[in-house]
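Participant:
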């Protein structure tokens, strides 16, 4: 009973609100059942080092909602276990592009009716990332965060209660505790994908990874590590370019591009010079979209399954799971390679 209702002294959420949320969460999880007695105001005040008036305020709010009832001289008891309210989800992406639309709509279509889904973007601005989370801590009962930074953002993420936190796309190993995550294993995914396409890559003299620095495009450190490991293990001639320019395109070489803008410029250049994709030059794009299925008869991609990621995410939120799941990723072979 002592650990049933916990208060985070470092949280910016008011303590009475934390007590209220903890009681409702315990009822939803089944750790508090109908007719079960809650700690007294004095007990909870002493155990969690909060003022009695704070506990009394939270209990009174719960009583008015019909969640608990007071029995004179005996204390407070759970009166209603049908407390599940509408989900109010804070969703923070880096930026919007075609594959994130797939993820967003896969999530939205599978959440329960009445779910409020609020979408925000941090655009790789660390200060904006911190402010969006900090300023909304009291406004949502679920936080779905895409921490697309190659730096430690755990100080901000640790402000979110772990039972309301879901990390998506990029794992956050620095964040301790029991929380949910659906992520890509970037280093091993790119290694395995390139390995599966080794028979096609061997047609080319060289493989160049184009990072698209300076654009609204996040490239995890794991991608670069996996790319370098693949090239070393299979003794391929490889290079990494910070940005795309037409003068890096050479016959009998292959290219892995991240930015869709670079993809279009690449295809335009191939047309201008009379080169043929999949024959004279090889092309792989990162992250699949419907456009890439039909462009130039099909662009080969290394991609995770964003539809699957959205489905897994919706299940985690709806069922209040705290599982950590690596989302499947692979090379999709099309004509451009």
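Numbering (our numbering), first residue to last: 78 to 414. Glycine included, every Cβ here is placed at the ideal spot set by N, Cα and C. As the structure is a computational prediction, the values presented were derived from the model and not from experiment.
1. Taking contact to mean 3 or more Cβ pairs, one atom from each stretch, closer than 8 Å, check whether the region 309 to 328 and the region 350 to 366 are in contact.
2. Helix, strand or coil: which one does DSSP assign to residue 272?
3. Would you tell me roughly how many angstroms separate the C-alpha atoms of residue 233 and residue 212, rounded to the nearest one?
4. Which whole-angstrom value describes the C-beta separation of residue 176 and residue 383, a residue pair presumed to lie in contact below a C-beta threshold of 8 Å?
5. Consult DSSP for residue 207 and reduce its assignment to one of helix, strand or coil.
6. So residue 479 and residue 376 are in contact, right, with Cβ under 8 Å, and what is the actual spacing, rounded?
7. Grouping DSSP H, G and I as helix and E and B as strand, with all else coil, what is residue 381?
8. Out of curiosity, what's the CA-to-CA distance linking residue 195 and residue 395?
9. In or out: residue 150 buried (at least 16 other Cβ within 10 Å) or exposed?
10. Under the DSSP definition of a beta bridge, which residues are partnered with residue 260?
11. So, at 7 Å on beta carbons, what are the nonlocal neighbours of residue 102 in its own chain, with the 5 sequence-adjacent residues on each side left out?
12. Taking only three categories from DSSP, how would you classify residue 98?
13. Using the three-state DSSP reduction, which class does residue 295 fall into: helix, strand or coil?
14. When the distance is taken between beta carbons, is residue 95 closer than 8 Å to residue 80?
15. So what's residue 363 in DSSP terms, helix, strand or just coil?
16. Please report the distance separating the alpha-carbon of residue 226 from that of residue 201.
17. Should residue 221 and residue 192 be called a contact, given that it needs their Cβ atoms to be closer than 8 Å?
18. If contacts are defined as beta-carbon pairs under 8 Å, then residue 248 and residue 258 qualify, I think. What distance do you get, rounded to the angstrom?
19. For residue 359, I'd like the list of residues in its chain whose CB is within less than 6 Å of its CB, leaving aside the five on either flank, ordered along the chain.
20. Are the beta-carbon atoms of residue 121 and residue 387 separated by less than 8 Å?
21. Nearest-angstrom Cα distance between residue 297 and residue 115?
22. Apart from the five residues on each side of it in sequence, which residues of its chain come closer than 6 Å, Cβ to Cβ, to residue 412?
23. Look up residue 330 in the DSSP assignment and say whether it is helix, strand or coil.
24. Excluding the 5 residues flanking residue 319 on each side, which residues of the same chain have their C-beta closer than 7 Å to its C-beta?
25. Please report how far the alpha carbon of residue 323 lies from the alpha carbon of residue 365, in whole angstroms.
26. On a CA-only basis, which of 314, 171, 186, 187 is nearest residue 224? Give me that one, please.
27. If you follow the alpha helix (DSSP H) that residue 483 is in, where does it begin and where does it stop?
28. Is it right to say residue 285 is buried, meaning 16 or more other beta carbons lie within 10 angstroms of its own, or is it exposed?
Facilitator: With the given structure in hand:
1. yes
2. Here residue 272 refers to the residue found at position 195 of the chain shown. Here residue 272 sits in helix by DSSP.
3. Numbered from 1 along the chain shown, position 156 holds the residue referred to as residue 233. Numbered from 1 along the chain shown, position 135 holds the residue referred to as residue 212. One C-alpha to the other measures close to 11 Å.
4. Counting from one through the chain shown, the residue named residue 176 turns up at place 99. Counting from one through the chain shown, the residue named residue 383 turns up at place 306. Confirmed, about 5 Å.
5. Counting from one through the chain shown, the residue named residue 207 turns up at place 130. In this structure, residue 207 counts as helix in the three-state DSSP scheme.
6. Residue 479 falls outside the range modelled here, since the chain spans only 78 to 414, and no answer is possible.
7. By 1-based counting over the chain shown, the position of residue 381 is 304. Of the three classes helix, strand and coil, the one that applies to residue 381 here is strand, per DSSP.
8. Within the chain shown, numbered from 1, the residue matching residue 195 stands at position 118. Within the chain shown, numbered from 1, the residue matching residue 395 stands at position 318. About 16 Å.
9. Against the chain shown, residue 150 aligns to sequence position 73. With fewer than 16 other Cβ atoms within 10 Å, it is exposed.
10. Looking up residue 260 in the chain shown gives position 183. 246, 403, per the DSSP bridge assignment.
11. Reading the chain shown from its first residue, position 25 is the one you call residue 102. Correct list, in chain order: 240.
12. As a first step, residue 98 is located in the chain shown; it is residue number 21 there, counting from the start. Of the three classes helix, strand and coil, the one that applies to residue 98 here is helix, per DSSP.
13. For the purposes of this step, residue 295 is identified with residue 218 of the chain shown, where counting begins at 1. Here residue 295 sits in coil by DSSP.
14. Translated into the one-based positions of the chain shown, residue 80 becomes position 3. Translated into the one-based positions of the chain shown, residue 95 becomes position 18. No. Outside cutoff.
15. Taking the first residue of the chain shown as 1, we reach residue 363 at position 286. Three-state result, residue 363: strand.
16. Locating residue 226 in the chain shown gives position 149, counting from the first residue. Locating residue 201 in the chain shown gives position 124, counting from the first residue. Between residue 226 and residue 201, the C-alpha separation is close to 7 Å.
17. Working through the chain shown from its first residue, we reach residue 221 at position 144. Working through the chain shown from its first residue, we reach residue 192 at position 115. No; because the gap between Cβ atoms is not below 8 Å, this pair is not in contact.
18. Walking along the chain shown from the start, residue 248 turns up at place 171. Walking along the chain shown from the start, residue 258 turns up at place 181. About 6 Å separates the two Cβ atoms, so the contact holds.
19. Within the chain shown, residue 359 is the residue found at index 282, counting from 1. 281, 331, 414, listed in sequence order.
20. Taking the first residue of the chain shown as 1, we reach residue 121 at position 44. Taking the first residue of the chain shown as 1, we reach residue 387 at position 310. No, the Cβ-Cβ distance between residue 121 and residue 387 is not below 8 Å.
21. Position 220 of the chain shown, counted from the first residue, corresponds to residue 297. Position 38 of the chain shown, counted from the first residue, corresponds to residue 115. Near 47 Å, if we compare the C-alpha coordinates of residue 115 and residue 297.
22. For the purposes of this step, residue 412 is taken as residue 335 along the chain shown, with counting starting at 1. Excluding positions up to five away in sequence, the list reads 355, 374, 375.
23. Numbered from 1 along the chain shown, position 253 holds the residue referred to as residue 330. Note: residue 330 maps to strand in three-state DSSP.
24. If you number the chain shown from 1, residue 319 lands on position 242. So the qualifying residues of the chain are 288, 290.
25. For the purposes of this step, residue 323 is identified with residue 246 of the chain shown, where counting begins at 1. For the purposes of this step, residue 365 is identified with residue 288 of the chain shown, where counting begins at 1. Each residue's alpha carbon lies about 23 Å from the other.
26. One-based indexing of the chain shown puts residue 224 at position 147. Of the candidates 314, 171, 186, 187, the one whose C-alpha sits nearest the C-alpha of residue 224 is 171.
27. An answer regarding residue 483 cannot be provided, because it is not within the stretch 78 to 414 covered by the chain.
28. Position 208 of the chain shown, counting from 1, holds the residue named residue 285. Buried: at least 16 other Cβ atoms inside 10 Å.
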